[in-house]
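To keep things clear, I will list the structure first and then write my remarks on it.
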Amino acid sequence: MSGARRKARRRAVEVLYESEVRSTSVEDVIKRRRAQPEPPINEFTELLARSVDERRARIDELLDEYAIGWTLERMPVVDRNILRMGAYELLWAEDIPDGVAIAEAVGVAKELSTDESPNFISGLLSRLMENKSTLSL
Numbered sequence: 001m002s003g004a005r006r007k008a009r010r011r012a013v014e015v016l017y018e019s020e021v022r023s024t025s026v027e028d029v030i031k032r033r034r035a036q037p038e039p040p041i042n043e044f045t046e047l048l049a050r051s052v053d054e055r056r057a058r059i060d061e062l063l064d065e066y067a068i069g070w071t072l073e074r075m076p077v078v079d080r081n082i083l084r085m086g087a088y089e090l091l092w093a094e095d096i097p098d099g100v101a102i103a104e105a106v107g108v109a110k111e112l113s114t115d116e117s118p119n120f121i122s123g124l125l126s127r128l129m130e131n132k133s134t135l136s137l
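For the sequence shown, the UniProt record's numbering assigns the number 137 to the last residue and increments by one with no breaks.
Structure below.
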């Protein structure tokens, strides 16, 4: 189960990444990916990518506010999208425990990004978690 979820999360980050670098909508990326047989895109991937996209403005505000020494624009595109996914799951996905949201984002970072990224992502999401009760979502 968790392996399938991790793969779905990784694919959601790929959808968000592709949407950003191609300057196209998440919906268009999902449609194009659905039209291709491989790799398959599942419901959890689609739901996660759409949910992140719907709340992206607020997520980006929070990431910008809580990133120490970094602006959102300076972050690598892949890290920015992993952080968006992690922040969404941490703050809005009530069925995902906080620790799982952070661990999954860190796991995706280990697969897709640089050696420094998992610690950066863990630190930033942990700051969001510590302040979760005071954030106006």
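For glycine and all other residues, C-beta sits at the position ideal for the given N, C-alpha and C.
Everything numeric in this text was worked out from a predicted model, so none of it was measured.
Item to check | Cα-Cα separation between L128 and A87, rounded to whole angstroms | outcome: What you label residue 128 is simply residue 128 of the sequence shown in a count that begins at 1. What you label residue 87 is simply residue 87 of the sequence shown in a count that begins at 1. About 8 Å.
Item to check | Nearest-angstrom Cβ-Cβ length linking A101 and E89, presumed shorter than 8 Å | outcome: As a first step, residue 101 must be located in the sequence shown, where it is residue number 101. As a first step, residue 89 must be located in the sequence shown, where it is residue number 89. Yes, they are in contact, since the Cβ atoms of A101 and E89 sit about 4 Å apart, within 8 Å.
Next on the checklist: Only counting the same chain, and skipping five residues up and downstream in sequence, which positions put a Cβ closer than 6 Å to that of residue 139?
Outcome noted: Outside the displayed span of the chain (1 to 137) sits residue 139, for which this structure offers no information.
Checklist entry - If you count every other CB in all the chains shown that lies within 10 Å of the CB of A4, and 16 or more means buried, which is it? => result The count along the sequence shown starts at 1 and reaches residue 4 at position 4. Looking at its Cβ environment, which holds fewer than 16 other Cβ atoms inside 10 Å, A4 is exposed.
Next on the checklist: My output table needs one value for R50: the three-state DSSP class, helix, strand or coil.
Outcome noted: As a working note, residue 50 is residue 50 in the sequence shown. Correct three-state label for R50: helix.
Checklist entry - From M85 to T134, what does the alpha carbon distance come to, in whole angstroms? => result Stepping through the sequence shown from its first residue, residue 85 is reached at position 85. Stepping through the sequence shown from its first residue, residue 134 is reached at position 134. Their Cα atoms are separated by approximately 20 Å.
Next on the checklist: Nearest by alpha-carbon distance to residue 148: which of R34, I82, A67 and Q36 is it?
Outcome noted: With the chain covering 1 to 137 only, the question about residue 148 has no answer from this structure.
Checklist entry - So I121 and V106 are in contact, right, with Cβ under 8 Å, and what is the actual spacing, rounded? => result Here residue 121 is taken as the residue at index 121 of the sequence shown, counted from 1. Here residue 106 is taken as the residue at index 106 of the sequence shown, counted from 1. Rounded, the Cβ-Cβ distance is 6 Å, consistent with contact.
Checklist entry - So, is V52 buried or exposed, given that buried needs 16 or more other C-beta atoms within 10 angstroms? => result Looking up residue 52 in the sequence shown gives position 52. Classification of V52: buried, given that the 10 Å Cβ count is 16 or more.
Checklist entry - Alpha carbon to alpha carbon, what distance is there between E20 and M1? => result Here residue 1 corresponds to residue number 1 of the sequence shown, with the count starting at 1. Here residue 20 corresponds to residue number 20 of the sequence shown, with the count starting at 1. Bear in mind that the predicted position of M1 carries a pLDDT of just 46, short of 50, making it unreliable; the figure below should be weighed with that in mind. Approximately 29 Å between the Cα atoms of the pair.
Checklist entry - Any idea what DSSP makes of M1, helix, strand or coil? => result The residue labelled residue 1 in the question sits at position 1 within the sequence shown. Interpretation of M1 is limited by its pLDDT of 46, a score under 50 that renders its predicted location unreliable; the figure taken from the coordinates is listed afterwards. Of the three classes helix, strand and coil, the one that applies to M1 here is coil, per DSSP.
Next on the checklist: Helix, strand or coil, according to DSSP, for E18 in the structure here?
Outcome noted: As a first step, residue 18 is located in the sequence shown; it is residue number 18 there, counting from the start. In the structure shown, E18 adopts helical secondary structure according to DSSP, grouped into three states.
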